[in-house]
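Student: Just so you know, the sequence shown maps onto residues -36 to -1, 1 to 509 in mature numbering (1 follows the signal peptide of the UniProt record, and there is no 0). We put the beta carbon where it would ideally sit given N, CA and C, even for glycine. No experiment lies behind these values; they were computed from the predicted model shown.
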Amino acid sequence: MALSSASSPPVRRRRRRRRSRVRVVLVCCCLLLALAAPSAAAAAGHDYGDALAKSILFFEGQRSGRLPAAGQRAAWRGDSAVSDGGAAGVDLEGGYYDAGDNVKFGFPMAFTATMLAWGVVEFGDAMPPAERAHAADAVRWATDYLLKTISHPGAIFIQASTQTHCTAQRRLPRRRRRPCERGVGDPTKDHGCWERPEDMDTARTVYNISAARPGSDVAGETAAALAAASMVFRDDDPAYAARLLAGARSAFEFADEHKGAYSDDPELRAGGCPFYCDFDGYQDELLWGAAWLRRASKEGTYLDYIQNNGKTLGSEDSTNEFGWDNKHAGINILVSKEFIDGEVLSLQSYKEFADGFICTLIPESSSPHITYTPGGMIYKPGGSNMQHVTSISFLLLTYAKYLSNSSRTVNCGNVSVGPATLQQLARKQADYILGDNPMKMSYMVGYGDRYPQRIHHRGSSLPSIKSHPQRIACNDGTPYYNSSSPNPNPLIGAVVGGPGEDDVYEDDRADFRKSEPTTYINAPLVGVLAYLVGNSDPGQGHVRH
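What follows is the structure, encoded as structure tokens:
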């Protein structure tokens, strides 16, 4: 359901132990065989066009609401959650389920929309026309929903859910995890339901932020998403683009006027935490929203906001992380563009902070840098690691694009790196996902000859509503969860959480940290693959592991 859908029905421990022993032996054998054989994908090169098309198709499998009568390519899916918001007297149909569960969380969904839109803005020209259209459709499916969430004066709706889980925080670094708060209820009910979204019949709880219960983080990210998306539709649908930009202004005004983190409110915390708590504070989302409004509108008001509030809102925060919770690296790269282009020299500090982030990714740099696995994958503890791989790769390519336009480089102390280095590093990460890794398998479902078969995803792992129209009740899905059989409905294009620091992947449905896909893993990857489609052989740099 959410980011870390941990909802896992009970499994007999004895059987699981036996299965685990067998699995360990099999994995070790497979890994030895894989290391001994050359990678066919590596030898032949990757079909980035095919990977791009599938990475976009994934979003059709995550759709909530009434599906289109024509053009729904994930044909195994059906209508679901068509009455979302009804209990609160509002229409919240639509949007995306964030992961392998059946919850719609506004915070990560807005980030997903921002990253999808940013990918189209920066690299849409490299996409084949049909795929650019599909990418725009994926953005619109999210923004149509986000517009609904801000359409009621004095409130922004942030979540629609059926049940709660206690796992998203496990995808975070250990130092940032908090005790899991389940509230009052039966833990078995919380974790025991494995059902298709089309079969949900329990109450869909709705949460909203307001002046009394602020949520600058969600509102700021919503503003960023709508502003970025307005640039996607500016030429093809100017009326819709204008509506998105107006919505972005409104959401940002709400975020700035009613400052606070939504997860600080006890009631909202009970519904949203520990899945998508705002661990890093709301300040970055305010800057992020202002930065995107500046990029989309070119209005001086937002430039003034960035300049006057940057230090207060943490623009100097140093981190080598970028994702649904922490936006600082993305802010620095996005804002630095105007300085790099020679348009606003007063934004030089953002270029310096962006350079600092980049240096943490360069193995040769004298600065402390991010961890790489023996196989070369960017790695951060906490699970769902591919979210870091795809988001950081996107920033590498975007910054390389900005630097290329001005012939600038990045000084990392003992080494100077240019755009070609960043491009090559990002390509290595994309190739790792697509099969150039110690397991010699693709981590994208449907790409290549070998890919995950048992992903942690309800709709994919249960018989389709089309092939099995009879309802599969909550507990009736448990045998499918426990099954060792491949998922009957491949979620084409889904990128799973991926291997751990040892580069090992077991293809275990129960191991949600590794086997669960999320929208915010795929969203940045769309832009990465679009770049690679247009630049099949990025320049070589000083990258080594």
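In angstroms with no decimal places, state the Cα-to-Cα distance between Gly294 and Glu95.
Tutor: Rounded to whole angstroms, Gly294 to Glu95 spans 25 Å at the Cα level.
Student: What residue does the alpha helix (DSSP H) around Ser174 start on, and which one ends it?
Tutor: Here Ser174 belongs to no alpha helix (DSSP H); instead the beta strand (DSSP E) covers 169 to 174.
Student: Anyone know if the C-beta pair for Arg168 and Gly50 falls short of 9 Å?
Tutor: Result yes, Cβ atoms of Arg168 and Gly50 sit closer than 9 Å.
Student: What do you get for Gly64, buried or exposed, if any count of 16 or more other CB atoms within 10 angstroms of its CB means buried?
Tutor: Result: buried.
Student: Among the candidates Met91, Gln123, His352, Arg473, whose CA atom is the shortest distance from the CA of Ala15?
Tutor: Out of Met91, Gln123, His352, Arg473, Met91 has the C-alpha closest to the C-alpha of Ala15.
Student: If we count the other Cβ atoms within 10 Å of its Cβ and call it buried at 16 or more, is Val46 buried or exposed?
Tutor: So Val46 ends up on the exposed side.
Student: Applying the 10 Å Cβ sphere with the 16-neighbour rule, what's the burial state of Ser214?
Tutor: Buried, by the Cβ-count rule.
Student: Assign Ser357 to one of three DSSP states: helix, strand, or coil.
Tutor: Ser357: helix per DSSP, three-state reduction.
Student: Spatial neighbours of His116 within its chain, please: CB distance less than 7 Å, with the 5 preceding and 5 following residues excluded, ordered by chain position.
Tutor: If we look at His116 and ignore the five residues flanking it on each side, its Cβ neighbours are Val54.
Student: How many whole angstroms separate the CB atoms of Lys18 and Gly423, which I take to be in contact at a CB cut-off of 8 Å?
Tutor: Not confirmed; about 17 Å, so no contact.
Student: Can you tell me which of the three DSSP states Ala437 falls into?
Tutor: Three-state result, Ala437: coil.
Student: Take Met350 and list the residues in its own chain whose beta-carbon comes closer than 8 Å to its own, dropping the five residues that flank it on each side.
Tutor: Excluding sequence neighbours, Met350 sits near Ile397, Tyr407, Val459, Val460, Gly461, Gly462, Ile485.
Student: Roughly how many angstroms lie between the CA atoms of Ser331 and Val379, to the nearest whole one?
Tutor: The alpha-carbon atoms of Ser331 and Val379 are separated by roughly 10 Å.
Student: For Gly184, which residues in the same chain have their Cβ closer than 7 Å to its Cβ, ignoring the five residues on either side in sequence?
Tutor: Cβ within range, chain order: Phe216, Ala219, Tyr246, Glu249, Leu250, Trp252, Gly253.
Student: Using the Cβ count rule (16 or more neighbours within 10 Å means buried), how would you classify Ala39?
Tutor: Exposed: under 16 other Cβ atoms inside 10 Å.
Student: Which residue or residues does DSSP assign as beta-bridge partners of Ala216?
Tutor: One detail in the question is off: residue 216 reads as Phe in this sequence, not Ala. Partner(s): none; Phe216 has no beta bridge.
Student: So, do the segment 383 to 394 and the segment 23 to 41 have three or more beta carbon pairs nearer to each other than 8 Å?
Tutor: Counting Cβ pairs under 8 Å, fewer than three are found: no touch.
Student: Quick check on Gly306: buried or exposed, where buried means 16 or more other Cβ atoms within 10 Å of its Cβ?
Tutor: So Gly306 counts as exposed.
Student: My assumption, with CB atoms under 8 Å, is that Thr483 sits in contact with Gln123. Please give the rounded CB distance.
Tutor: Not a contact, Cβ separation roughly 15 Å.
Student: Within a Cβ cutoff of 7 Å, which residues of the same chain sit near Pro416, ignoring the five residues on either side of it in sequence?
Tutor: So the list reads Tyr407, Val409, Val460, Asp471, Ser479, once near-sequence residues are dropped.
Student: Quick check: the segment 335 to 355 against the segment 275 to 283, are there 3 or more CB pairs under 8 Å?
Tutor: With the cut-off at 8 Å, the segment 335 to 355 and the segment 275 to 283 do not touch.
Student: Report the three-state DSSP secondary structure of Asn378 (helix, strand or coil).
Tutor: Asn378 falls in the coil class under three-state DSSP.
Student: Whole angstroms are fine: how far does the CA of Tyr240 sit from the CA of Gly347?
Tutor: Rounded to the nearest angstrom, the two C-alpha atoms are 14 Å apart.
Student: Is Val196 near Val490, with beta carbons less than 9 Å apart?
Tutor: No; because the gap between Cβ atoms is not below 9 Å, this pair is not in contact.
Student: Give a yes or no on whether the C-beta atoms belonging to Asp228 and Asp244 are separated by under 9 Å.
Tutor: In this structure, Asp244 does not lie closer than 9 Å to Asp228 by Cβ.
Student: Taking contact to mean 3 or more Cβ pairs, one atom from each stretch, closer than 8 Å, check whether the segment 318 to 338 and the segment 442 to 456 are in contact.
Tutor: In short, these stretches do not touch, since the Cβ pair count stays below three.
Student: Could you pull the start and end residues of the alpha helix (DSSP H) that Val497 belongs to?
Tutor: Its alpha helix (DSSP H) spans residues 483 to 498.
Student: Going by the beta-carbon positions, is the gap between Asn401 and Gly339 smaller than 9 Å?
Tutor: Going by C-beta atoms, Asn401 is nearer than 9 Å to Gly339.
Student: Between the Cα of Asn172 and those of Leu208, Gly236, Ala206, Asp201, spot the shortest distance and give me the residue it belongs to.
Tutor: Comparing Cα-Cα distances from Asn172 to each of Leu208, Gly236, Ala206, Asp201, the minimum goes to Gly236.
Student: Consult DSSP for Lys365 and reduce its assignment to one of helix, strand or coil.
Tutor: Here Lys365 sits in helix by DSSP.
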